[in-house]
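Right, one structure below, let's go through it.
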Amino acid sequence: MPDARRTDIRALLPDVSPEDIEIIHRVQPYTMVGPMRLHAFIEATRHVTTREMEGAIVECGVWRGGATMASMLTLMQMGKPEREFYLYDTFEGMNVPTEHDVTCFGAPAAEKFAAKQTSEDRADWCRAEIEGVREAIQSTGYPSHLVHFVKGKVEDTIPGTLPGKIAVLRLDTDWYESTRHELIHLYPHLINGGVLLIDDYGHWQGARKAVDEYLAAHAPSLLLHRVDY
């Protein structure tokens with residue numbers, strides 16, 4: 006009897022290879038990223054690797070590690086487990102949102118943060134302990150010496166810890182302030198022809214605002230292509 010989740014992925018992505026479907030299926034327990042966004046990350050990884058582009062793969066906002074795992078499994082499938090990964094996260098849950106951080110439906114993030122708040126500046130929202138994330142990522146078999154876990158708010162850890170060149174930059178920290186900070190410090194390291202993936206552009210208005218402001222000032226000709234909403 007076919008696995009219902011795999012069947013659902015196939016219905017959503019009917020032209021995707023069985024190998025990519027298997028990767029997406031494998032990482033689903035470790036991510037909230039939907040199949041279309043995962044496949045975009047897989048394709049971005051394949052794009053820069055096929056073209057032998059230099060640079061690390063960077064993810065800001067890792068949660069349980071599933072999206073990163075999809076990228077790693079793609080590299081291993083290609084016989085190219087050679088890239089460094091830089092993984093930035095608090096590994097302690099979401100930071101305090103600002104007034105800019107509202108969903109596309111108009112719901113303020115502050116309300117959900119308050120309902121899950123555990124301390125002055127932290128909430129039990131998207132919390133994933135670093136030990137569990139490390140274990141999940143190690144389960145892929147990707148070389149551990151190439152994986153850099155950077156714990157803390159990105160506003161505190163970046164630019165202190167940075168790769169020299171970035172081939173794929175995936176931003177998934179949701180809020181205006183963190184997304185703005187990431188773009189200021191990481192986007193200049195993205196190589197010519199590299200790929201920028203912004204997970205929350207459609208859902209969180211703060212993330213959209215940060216992206217729109219930064220690109221208007223620094224990369225006005227950049228094309229943003231929709232993956233899903």
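To convert, take the position in the sequence shown, counting from 1, and add 5; that gives our numbering. Cβ atoms here follow ideal geometry from the backbone N, Cα and C, with glycine treated the same way.
Checklist entry - What whole-angstrom Cβ distance do P102 and W180 have, given they're in contact under 8 angstroms? => result The residue labelled residue 102 in the question sits at position 97 within the sequence shown. The residue labelled residue 180 in the question sits at position 175 within the sequence shown. Sure, about 5 angstroms apart at Cβ, within 8 angstroms.
Next on the checklist: For A141 and H105, what's the separation of their Cα atoms in angstroms?
Outcome noted: Taking the first residue of the sequence shown as 1, we reach residue 141 at position 136. Taking the first residue of the sequence shown as 1, we reach residue 105 at position 100. Each residue's alpha carbon lies about 33 angstroms from the other.
Item to check | Best match in W209, H30, A221 and P225 for proximity to A112 [C-alpha to C-alpha] | outcome: For this step, residue 112 is matched to residue 107 along the sequence shown. Out of W209, H30, A221 and P225, W209 has the C-alpha closest to the C-alpha of A112.
Checklist entry - Whose C-beta lies closer than 8 angstroms to the C-beta of V200 among residues of the same chain, with five residues either side of it excluded? => result The sequence position of residue 200 within the sequence shown is 195, counting from 1. Once the five neighbours on either side are set aside, the close Cβ partners of V200 are A49, H52, V53, A172, V173 and L174.
Checklist entry - Mind pulling the alpha helix (DSSP H) runs of 4 or more residues that sit fully within the segment 148-233? => result 159-162, 181-191 and 210-223
Checklist entry - When the Cα of T55 is compared with those of T36, V38 and T79, which residue comes out closest? => result The residue you call residue 55 lines up with position 50 of the sequence shown. Ranking T36, V38 and T79 by Cα distance to T55 puts T79 first.
Item to check | Pairwise C-alpha distance: T73 and I196 | outcome: Taking the sequence shown and counting its residues from 1, the one referred to as residue 196 is at position 191. Taking the sequence shown and counting its residues from 1, the one referred to as residue 73 is at position 68. So the alpha carbons of these two residues sit roughly 19 angstroms apart.
Item to check | Beta-carbon proximity of M41 to V232, cut-off 8 angstroms | outcome: As a working mapping, residue 41 is identified with position 36 in the sequence shown. As a working mapping, residue 232 is identified with position 227 in the sequence shown. In this structure, V232 lies closer than 8 angstroms to M41 by Cβ.
Next on the checklist: Looking at D243: is its Cβ nearer than 8 angstroms to the Cβ of H44?
Outcome noted: The displayed coordinates of the chain run from 6 to 234. Any statement about residue 243 would go beyond what the structure contains.
Checklist entry - Whose C-beta lies closer than 7 angstroms to the C-beta of E134 among residues of the same chain, with five residues either side of it excluded? => result Residue 134 sits at position 129 when you count from the first residue of the sequence shown. Closer than 7 angstroms at Cβ, skipping near neighbours: F96.
Checklist entry - Measuring CA to CA, which of Q143, M99, G198 and T123 is closest to S183? => result Mapped onto the sequence shown, residue 183 falls at position 178. Out of Q143, M99, G198 and T123, M99 has the C-alpha closest to the C-alpha of S183.
Checklist entry - Apart from the five residues just before and just after T108, which ones in its own chain have a Cβ nearer than 8 angstroms to its Cβ? => result Taking the first residue of the sequence shown as position 1, residue 108 is located at position 103. The residues are A114, H208, W209 and Q210.
Checklist entry - DSSP state of M99, grouped into three classes? => result In the sequence shown, counting from the first residue as 1, residue 99 sits at position 94. Looking at M99 - three-state DSSP - the assignment turns out to be strand.
Checklist entry - In or out: M6 buried (at least 16 other Cβ within 10 Å) or exposed? => result Locating residue 6 in the sequence shown gives position 1, counting from the first residue. Note on M6: pLDDT 38, under 50, position unreliable in the model; the coordinate value appears next. M6 should be labelled exposed.
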